[in-house]
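Trainee: Residues 3 to 281 in my numbering are what the sequence shown lists, from first letter to last.
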Amino acid sequence: MSEVEEVRFRDLFVFYLQKKISFISYPLLMAIIAALYSYTITPIYSVQVTLVAVEKEPFSSSFASQLGNTIPGFSVAQEATNLGTKLAQMESRVFAERIIKKYKLLPLLYPKLWDEDKNNWKKADEVPSPYYIQKRFRESYSVKRDLKSGLVFLNVDWDDPKIAKDWADMLVSEIDEYSRQEDILDGEKGIEFLNQEIQNTSSAAIRSVLTGLIERKANKITLAKTSTSYVFKVVDPAFEPELRSWPRRRFITTLGFFVGLAGIFSYLTFSFFRQKEII
């Protein structure tokens, strides 16, 4: 380091010492502002439900082979329960709109825009579109699957802890009911179609296979109607949180302090070199 650079560094250090009040007061001021700001943020409460997929009885390899050989174009995948599909359904627009309508969630989604007495929107020109209504609801929850453990985690975030807990329970119940009704309808239509196919074929082998398939669909319908847990079994249920998940006020305050410290450091450094006409 040259003598000139040592002088500049020493002068800069002395300059910092002269401005020590600024080094202390400005970060503290920013920390106070950040802390006050954190109290204006709407608190968010998080609820998590841990689920595991209910195992369905798979096709036996011999029966699947028999179906494939007897009925061209038949795929075992048509009967397989696709967990990925169920997770996608939970985050779909159709599923969200179904729940919003069934449980009349508009007053909870838009409390400031909804008139409780009139049971309608306060102002006609402020009515959100159906797209933004379902989008707001879908943004309140997420579904993640752990590929290693096979567990599914449903997370709900809302500004009311009781509502967050109720919605978590509701979502689990509704995907079960949604899938239940879907499989019952699919099974009934399948049985109707297979009965027609039996009437239209004279092959004893095909009749035997179709009869077996009808029996499986009938069992599937019975399972859908009688199972307590159809798609997911709850491993760890939802509970009403007592502590908010956001804002993290200590983090925001600390961040404000260091932002203030970095800001005053940059400002004083720039001021020093500008005075020395180096930049």
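Don't be surprised by glycine CBs; every beta carbon is placed ideally from N, CA and C. Here the structure is a predicted model, which is why all the values come from computation and not from measurement.
(1) For K219, does the count of other Cβ atoms within 10 angstroms reach 16, so buried, or fall short, so exposed?
(2) Over what stretch of residues does the beta strand (DSSP E) that includes F155 continue unbroken?
(3) Quick one: grab the DSSP three-state call for S181.
(4) DSSP beta-bridge partners for S48?
(5) Answer with buried or exposed for P132, where buried requires no fewer than 16 other C-beta atoms within 10 angstroms of its C-beta.
(6) In angstroms with no decimal places, state the Cα-to-Cα distance between V20 and F274.
(7) Take L85 and list the residues in its own chain whose beta-carbon comes closer than 6 Å to its own, dropping the five residues that flank it on each side.
(8) What did DSSP end up calling R100 once you bin it into helix, strand or coil?
(9) For V261, does the three-state DSSP call read helix, strand or coil?
(10) Name the one or two DSSP bridge partners that A55 has.
(11) Exposed or buried, what is I102 when buried is set at 16 or more other beta-carbons lying within 10 Å of its beta-carbon?
(12) Please confirm whether T255 and A37 have their CB atoms less than 7 Å apart.
(13) Can the beta-carbon of I186 be found closer than 7 Å to that of M92?
(14) In three-state DSSP terms, what is K124?
(15) Mind checking whether V51 and A166 have CB atoms under 7 Å apart?
(16) R182: which of F15, K150, S229, L156 sits nearest, CA to CA?
(17) What distance in whole Å lies between the Cβ atoms of R140 and L111, which are believed to be in contact at a cut-off of 8 Å?
(18) Going by the DSSP bridge assignment, what does S144 pair with across the sheet?
(19) If you run the structure through DSSP and keep just helix, strand and coil, what is D119?
(20) Taking the C-alpha atoms as reference points, what is the distance between R147 and F155?
(21) Between D159 and I46, which are expected to be in contact by the criterion C-beta below 8 Å, what is the C-beta distance as a whole number of angstroms?
(22) Between I223 and E194, what straight-line distance do the alpha-carbon atoms span, to the nearest angstrom?
(23) For S62, does the three-state DSSP call read helix, strand or coil?
Mentor: In this structure, then:
(1) buried
(2) Judged by DSSP secondary structure, F155 falls within the beta strand (DSSP E) whose first and last residues are 153-160.
(3) Of the three classes helix, strand and coil, the one that applies to S181 here is helix, per DSSP.
(4) D159
(5) exposed
(6) For the sequence presented, residue 20 should be read as Gln rather than Val. Cα to Cα, the separation comes out at about 12 Å.
(7) A55
(8) helix
(9) helix
(10) F234
(11) buried
(12) yes
(13) no
(14) K124: coil per DSSP, three-state reduction.
(15) no
(16) S229
(17) The pair is not a contact, with the Cβ atoms about 11 Å apart (cut-off 8 Å).
(18) N157
(19) coil
(20) Whole-angstrom Cα-Cα distance: 6 Å.
(21) 5 Å
(22) 13 Å
(23) Because the pLDDT of S62 is 49, which lies under 50, any placement of that residue in the model is unreliable, and the number read from its coordinates should be weighed accordingly. Correct three-state label for S62: coil.
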